[in-house]
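Student:
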Amino acid sequence: MPGYSCSLKQLLKLIDKNEVTLETLEQYLDCAKSEFKGYDAETDDLKLENNDTNRPDLWSCEGTARQILGCHFGQHKTYDFFEKQPRSESVIKTEENIAPIRPYIAGFSATNIVIDEPLLNQIIQAQEKLCDNFGRFRELIAIGVYDASHMKLPIHYRAADPDKTSFAPLGFEEKMTLREVLEKHPKGIQYANIIKNNSLFPLITDNNGSVLSMPPVINSNDLGKVKVGDTNIFVEVTGAELKAVTLAANIMACNLADHGAVIEPFTTVYANGEIHVSPRRFEEKTELDKAFAEKLCGEKIAIDSLVEALKRMGHIVDKNGGKCLCTPPPYRLDILHAADLAEDYCIAVGYNNFEPIMPDSFTVGMESPKAKKAKVIQELLLGMGFQEVMTYILTSKDNQCRKMEYNGEVIEIGNPMTETFGVVRQNLLPILLEIESKNPRVEYPHRIFETGETAHISRESADGTETVHRASALIAHSDANFSEIHSVLQALMYYMGAIYKLEETENNSFISGRCGKIIVNNKEIGIIGEIHPKVLENWGITMPCSAFELLI
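Just so we're aligned: the sequence shown equals residues 2 to 553 in the working numbering.
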């Protein structure tokens, strides 16, 4: 869970309370899904941990204060800069060659503010939390903050030749080529895998040609160095998905506005003619029926109480009889269903304020047969030297389909928060290949596995889908082959007491002639083989891989 720290004085200032006991503050934190983890009176350092991975706006002092103000004091903040039109010179121009690499960018400037040390620490911390947790270590989104006092507008975003373009990266005085940054700079080494396989690298410059940064890796040592005393800063967000980029820009803008900054929006002009203003509101609306809220909450709710509670959570609410049409605040993108609004009502009211009801039935819990079988598989694979991974059941369609050379159907989310979590995983093997693609520097051989739920489309079931438990294992090293992964499957089947056979088959994810169906009791339960070079290329994996996946 995201942990973060802030000055207690700064937090109390943001909620306009001079004195609040730590005990009272701990009670306030419930509405922000945060826990009190400690306070150092000498440094005024307050340590908190957030328990909601769907609310990146809460991973900061400003977001926590904003939630407390709304829930406990009914003071929901509004931000007029979302209705503000960008100035004619406040433009980010993108070039066509950046689209296949890292296509989206948003930005804004913040003026009328003096950066002091506590605020600078908060900006850096919010930037890092958003990039690492929400941004999946900068792959989905990355944020740059700059001293705007010497920038010449408009801003330019393009892809540059990594061997012919150079700048001095943050913390270095001498210039390096973009490729040298990936080889010599600590941040370049850390994040090289995101862009190193491209022939051109992303670059942001001002209108004078001065480099702002090479996203998502490092800022320049010139315009990219923000320090105490700066009064005019520029913030940009680059990434692979427009919604995610926009949300991160919105959160950073609201955080700075909470400290009194004047936010100036920017217009991004894309090479294909698209134009987007940032920060900007999301237009998605979700309807909550009072009867549905009552069913989930277990008690009768007055419609006016429902409206008032949702407004305290930051929603714009239009009441129509017994229904509420809600527009979430611009710093949130987690409302996917009416159930999320019902949860917001519970948070605003306070879970402790609901009357407890004893269960009216008695049951005895036990492990399901599939869970027991999964545990046996886990223990056996661990004993064979594999490392277990545990990942989300939601993933991207690109990972499940294009990178696997799969052309079939998958279960897609109707209104995903990001494309990264746009489908329910149908197979575990793409997850293992994704992990393998991110760990090329870990000593080989790699032996990883996962057991867990997947789902696929089923015409026979009532809702058109079926949940299936699977296990998948992958081996990666210079000599990974069919025989090696088959020996693992053979041992697994032996110790589980299963009699199996293999039948040769064709599958786009595997090499022809080195792929087989796993058959038990005349029923196909899985597939085994050597991963096709085209699939490895799609993932950016340079080592041969062999794998199997089977039903539990």
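Positions of the beta carbon are idealized from the N, C-alpha and C atoms, including for glycine.
Could you say which of M385, G299, D290, S110 lies nearest to L257 if we only look at CA atoms?
Tutor: Checking every option, the nearest Cα to that of L257 belongs to S110.
Student: Compute the distance between the beta-carbons of L1 and I16, then report whether it is under 8 Å.
Tutor: Here the chain comprises residues numbered 2 to 553, so residue 1 is not present and cannot be evaluated.
Student: Alpha helix (DSSP H) containing S438: first to last residue?
Tutor: First-last of the alpha helix (DSSP H) with S438: 430-438.
Student: Nearest-angstrom Cα distance between G315 and T54?
Tutor: Cα-Cα distance, rounded: 19 Å.
Student: For the segment 473-485 and the segment 364-372, state whether three or more C-beta atom pairs, one from each stretch, are separated by less than 8 Å.
Tutor: No contact exists between the segment 473-485 and the segment 364-372.
Student: Is the segment 134-141 in contact with the segment 237-246, if contact means three or more CB pairs nearer than 8 Å?
Tutor: Yes, since at least three Cβ pairs between the segment 134-141 and the segment 237-246 fall closer than 8 Å, the two stretches touch.
Student: By Cβ distance below 7 Å, which residues in the same chain neighbour T166 in space, the five residues on each side in sequence not counted?
Tutor: Closer than 7 Å at Cβ, skipping near neighbours: T178, L179, L204.
Student: For Y346, does the three-state DSSP call read helix, strand or coil?
Tutor: Helix, per DSSP.
Student: Which residues in the same chain have their Cβ closer than 6 Å to the Cβ of P545, if we skip the five residues on either side of it in sequence?
Tutor: Cβ within range, chain order: A481.
Student: Just the C-alpha distance for Y495 and V489, rounded to the nearest angstrom, thanks.
Tutor: Spanning the two alpha carbons is a distance of roughly 10 Å.
Student: V246 to D46, Cα distance in whole Å?
Tutor: C-alpha separation (whole angstroms): 30 Å.
Student: How big is the Cα-Cα spacing for S91 and A149?
Tutor: Approximately 12 Å, taken between the alpha carbons.
Student: Look up K518 in the DSSP assignment and give the residues it is bridged to.
Tutor: In the DSSP output, where bridge partners are listed per residue, K518 has E504, I528.
Student: Can you find the residues in the same chain that come closer than 7 Å, C-beta to C-beta, to Y192, ignoring five residues on each side of it along the sequence?
Tutor: Excluding sequence neighbours, Y192 sits near R139, P217, V218.
Student: From this set, Q126, E184, I195, L213, which residue's C-alpha is nearest H157's C-alpha?
Tutor: Cα-wise, what sits closest to H157 is L213.
Student: Name the DSSP bridge partner or partners of M177?
Tutor: Paired residues: F168.
Student: Leaving out five residues on either side along the sequence, give the residues of the same chain with a beta carbon under 8 Å from the beta carbon of K130.
Tutor: Excluding sequence neighbours, K130 sits near P3, Y5, P57, W60, S61.
Student: Under a Cβ-count criterion, where at least 16 other Cβ atoms within 10 Å of its own Cβ denotes burial, should V372 be classed as buried or exposed?
Tutor: Inspection of the sequence shows that residue 372 is occupied by Ala rather than by Val. It is exposed - the Cβ of A372 has fewer than 16 other Cβ atoms within 10 Å.
Student: By the three-class DSSP mapping on this structure, what secondary structure does Q11 have?
Tutor: In the structure shown, Q11 sits in a helix (DSSP, three-state: H, G or I).
Student: Whole beta strand (DSSP E) runs in the segment 186-252 with 3 or more residues, listed along the chain?
Tutor: Runs found: 202-206, 212-215, 234-240.
Student: Please confirm whether Y147 and N220 have their CB atoms less than 8 Å apart.
Tutor: Contact flag set, yes.
Student: So, for R515: in the same chain, excluding its five sequence neighbours on each side, which residues have a beta-carbon less than 7 Å away from its beta-carbon?
Tutor: Excluding residues within five positions, the ones whose Cβ falls inside 7 Å are F483, G530, E531.
Student: Using only CA atoms, which one of G409, I190, N408, V377 lies nearest to T452?
Tutor: The shortest C-alpha separation from T452 is found at V377.
Student: Could you tell me the distance, in whole angstroms, from the CA atom of E284 to the CA atom of T328?
Tutor: Roughly 7 Å between the two C-alpha positions.
Student: Who are the near neighbours of T206 in its chain, counting only those whose CB is closer than 7 Å to its CB and skipping five residues on each side?
Tutor: The answer, listed in chain order, is H157, V212, L213.
Student: Counting only runs of 3+ residues fully inside the segment 90-117, write out the beta strand (DSSP E) ranges in chain order.
Tutor: Within the segment 90-117, the complete beta strand (DSSP E) runs of at least 3 residues are 92-95, 105-112.
Student: Hey, out of A456, N508, P163, whose CA is closest to V411's CA?
Tutor: Among A456, N508, P163, the Cα nearest to that of V411 is on A456.
Student: According to DSSP, is P266 helix, strand or coil?
Tutor: Three-state result, P266: strand.
Student: Using a 10 Å radius around the Cβ and a threshold of 16 neighbouring Cβ atoms, would you call T25 buried or exposed?
Tutor: T25 comes out exposed.
Student: In the DSSP assignment, find the unbroken beta strand (DSSP E) run with C72 in it and report its ends.
Tutor: Element bounds for C72: not the beta strand (DSSP E) but the alpha helix (DSSP H), 62-74.
Student: Output yes or no for whether 8 Å exceeds the beta carbon distance between I99 and I196.
Tutor: Contact flag unset, no.
Student: In chain order, what residues of the same chain lie with their CB nearer than 6 Å to the CB of Y332, ignoring the 5 residues before and after it?
Tutor: Correct list, in chain order: D58, N251, I252, C255.
Student: Using CA atoms only, rank isn't needed, just tell me which of Y501, Q427, R403 is closest to I414.
Tutor: I414 has its Cα closest to that of Q427, out of Y501, Q427, R403.
Student: Note the first and the last residue of the continuous alpha helix (DSSP H) segment covering F283.
Tutor: Element bounds for F283: n/a, residue is neither H nor E.
Student: Judging by CA-CA distance, which residue of L154, T543, H487 is the nearest neighbour of S479?
Tutor: Per the Cα distances, T543.
Student: From the DSSP output, which residues share a beta bridge with E50?
Tutor: Answer is G4, E36.
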